[in-house]
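Residue numbers (my numbering): -16 to 181. Glycine is no exception: its CB is placed at the ideal position from the N, C-alpha and C atoms. Bear in mind the structure is a predicted one, so any value in this text is a computation, not a measurement. Please read the structure below before turning to the comments.
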Amino acid sequence: MAEWGKVGGDDSRTDEELLSAHVSGDRDAFGILITRHQGHLWAVARRTSHTGEDAADALQDALLNAHRMAHRFRADSKVSSWLHRIVVNASLDRIRRNKSRLTVPLPEFDVSQFADPRDHHGDIDLSMSVGRALDTLPPEQRDAIVAVDIEGYSIAEAAALLGVPDGTIKSRCARGRAKLAVVLGHLRNTADEPTSNP
């Protein structure tokens, strides 16, 4: 199995070497780099966007930004983390721009603990409620919660990804979760209520 950061074609250069080559004028280096990470970057865009169309647009915006801003890459993080952050930021920017024509997101996570197993529409309704609740959070808290609670990154990984200290991620997650608990409190109450059979 190929090592992360070295997969993609026959090119054995690391991600950092490819990005540096791109900045130096190698016309193929950026394409090779993106091909290596396209699956992961698409998954990130899809999880942080409302629709597939928004995800595709956000990913395109992110790749254009990465292409243009490659010379600003600081080697204090991995290229894959830098690309990930650009995609998350582009997705969140698109959500903010499209707020007036907001569509309902369907986040990918297990909602079965709250839903009645006989209610097939309950999962969809719950996903929509949670997605709308996430949209009420400030972008910094949403970014932290998406990274840690939805994408499964550790606190340290999320901190490196978002370029902030570990403690900042912890506090943003705690504040965001507290707000979500209030906004979604009605779900816990309905999950505890016994259901009546007709």
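### Task
Give a yes or no on whether the C-beta atoms belonging to E134 and R155 are separated by under 8 Å.
No, they are not a contact pair.
### Message
Am I right that L163 and I152 are in contact with their C-beta atoms under 8 Å? What's the rounded C-beta distance?
### Response
Not quite, the Cβ-Cβ distance comes to about 16 Å (not below 8 Å), so this is no contact.
### Task
Measure the C-alpha to C-alpha separation of D11 and D(-6) and round it to an integer number of angstroms.
Straight-line spacing of the CA atoms in D11 and D(-6) works out to 10 Å.
### Message
Can you look up K153 in the DSSP assignment and give me helix, strand or coil?
### Response
Helix.
### Message
Taking contact to mean 3 or more Cβ pairs, one atom from each stretch, closer than 8 Å, check whether the stretch 38 to 47 and the stretch -4 to 7 are in contact.
### Response
Touching, no, given that fewer than three Cβ pairs across the two stretches are closer than 8 Å.
### Task
Between the Cα of R51 and those of V6, A142 and S137, spot the shortest distance and give me the residue it belongs to.
Comparing Cα-Cα distances from R51 to each of V6, A142 and S137, the minimum goes to V6.
### Message
Considering only heavy atoms of the ligand FAD, does any lie closer than 7 Å to the CB of L145?
### Response
Annotation note on the ligand FAD: not contained in the displayed structure, which lists no ligands.
### Query
Should R159 go down as buried or exposed, given a rule of 16 or more other Cβ atoms within 10 Å for buried?
This sequence places Gly at residue 159; Arg is not what is there. Counting other Cβ atoms within 10 Å of its Cβ, G159 reaches 16 or more and is therefore classed as buried.
### Under 8 Å between C-beta atoms of S74 and A143
No, these two residues do not count as a Cβ contact at 8 Å.
### Message
Whole angstroms are fine: how far does the CA of A116 sit from the CA of G8?
### Response
Approximately 44 Å between the Cα atoms of the pair.
### Task
Would you check if the distance between the CB atom of N48 and the CB atom of I15 is smaller than 8 Å?
No.
### Query
Under 8 Å between the Cβ atoms of A130 and A139?
Taking 8 Å as the cut-off, the beta carbon of A130 is found no closer than this to the beta carbon of A139.
### Task
Taking the CB atoms as reference points, tell me whether V27 and V71 lie closer together than 8 Å.
Cβ distance < 8 Å, so V27 and V71 count as in contact.
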